[in-house]
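Q: Residue numbers (my numbering): 1177 to 1402. Backbone N, C-alpha and C define an ideal beta-carbon position, used for all residues, glycine too.
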Ligand SMILES: [Zn+2]
């Protein structure tokens, strides 16, 4: 069963339900402020009122010597989910890694650590999406025994544990449940990948957020990945 999309009016309510993620407490918390920028940008994108901020020549010159991105986004390579567009951000705003199924390999973890430790990025977003082909391939491999060829197999291997987790609740839509379980799994893997993350989260100046993009509405739903 397809999950209902989240009406814009309800999104702030969901955000306030997330433990330790109250955007009302954004004062002095750069991670909450950064998340609010992305939430606002996605509302503009979903409503078709893109502002394309900071895409001017002046901005290009401003950030040429040094970058100060506000978030690291790990998203799927899917052509329909480009983070800069989905969050209506401009040059120098997002530090992005994209790989099918947003699987977490060593190179992605290294990119992430660079962004957090050297660029002081306060926010990591794991962005899954509706009808992810990589997740579908992992579901097919598990349920039908159809093993993909070549290196696609390594993607499927990394996503399969999330599918097995999703299977346990016997969902009516296994792909959708697996998309969400895959986001949760990658968030957990990131948290466990480096002791710096837990320390920064404890200091309330850093957060790792899971999210799911709806292909029809263009809305990003924040998932409770605490
Ligand atoms: Zn995908």
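Starting from residue 1332, trace the alpha helix (DSSP H) both ways and give me its first and last residue.
A: 1328-1343
Q: Whose C-beta lies closer than 6 Å to the C-beta of residue 1250 among residues of the same chain, with five residues either side of it excluded?
A: So the qualifying residues of the chain are 1273, 1278 and 1302.
Q: Tell me the DSSP secondary structure of residue 1397 in three-state form.
A: strand
Q: With a cut-off of 8 Å on the beta carbons, I'd call residue 1246 and residue 1267 a contact; round off their distance for me.
A: The pair is not a contact, with the Cβ atoms about 12 Å apart (cut-off 8 Å).
Q: Just to confirm, are residue 1304 and residue 1355 a CB contact at a threshold of 8 Å?
A: yes
Q: Just the Cα atoms here: how many angstroms apart are residue 1343 and residue 1371?
A: Rounded to whole angstroms, the separation of the alpha carbons of residue 1371 and residue 1343 is 31 Å.
Q: Starting from residue 1378 and walking both ways along the alpha helix (DSSP H), at which residues does that stretch end?
A: 1371-1378
Q: Beta-carbon of residue 1388 versus every beta-carbon of chain D: anything under 8 Å?
A: The structure shown contains no chain D, having only a single protein chain.
Q: Please list, in chain order, all residues of the same chain as residue 1201 whose beta carbon is under 8 Å from its beta carbon, the five residues on each side excluded.
A: Per-residue confidence for residue 1201 stands at a pLDDT of 45, beneath the threshold of 50, marking its modelled position as unreliable; the derived number appears in the next sentence. Once the five neighbours on either side are set aside, the close Cβ partners of residue 1201 are 1208.
Q: In the DSSP output, which residue or residues are listed as bridge partners for residue 1251?
A: According to DSSP, which records beta bridges pairwise, residue 1251 is partnered with 1274 and 1303.
Q: Are the Cβ atoms of residue 1284 and residue 1221 separated by less than 8 Å?
A: Cβ atoms of residue 1284 and residue 1221: not closer than 8 Å.
Q: Can you give the beta carbon distance from residue 1146 to residue 1340, rounded, assuming they're within the 8 Å contact cut?
A: With the chain represented from 1177 up to 1402, any question about residue 1146 goes unanswered, as that position is not in the structure.
Q: Ordered along the chain, which non-local residues of its own chain (more than five positions away) have a Cβ less than 8 Å from that of residue 1254?
A: 1276, 1305, 1308 and 1309
Q: Around the Cβ of residue 1217, are there at least 16 other Cβ atoms within 10 angstroms (buried) or fewer (exposed)?
A: With 16 or more Cβ atoms within 10 Å of its Cβ, residue 1217 is classed as buried.
Q: With DSSP collapsed to three states, give me the class of residue 1279.
A: coil
Q: Given a threshold of 16 other Cβ atoms within 10 Å of its Cβ, counted over all protein chains shown, does residue 1335 qualify as buried or as exposed?
A: Answer is buried; the Cβ neighbour count reaches 16.
Q: Since residue 1243 contacts residue 1295 with CB under 8 Å, what's their CB separation in whole angstroms?
A: Taking C-beta atoms under 8 Å as the contact rule, residue 1243 and residue 1295 qualify, at a distance of about 7 Å.
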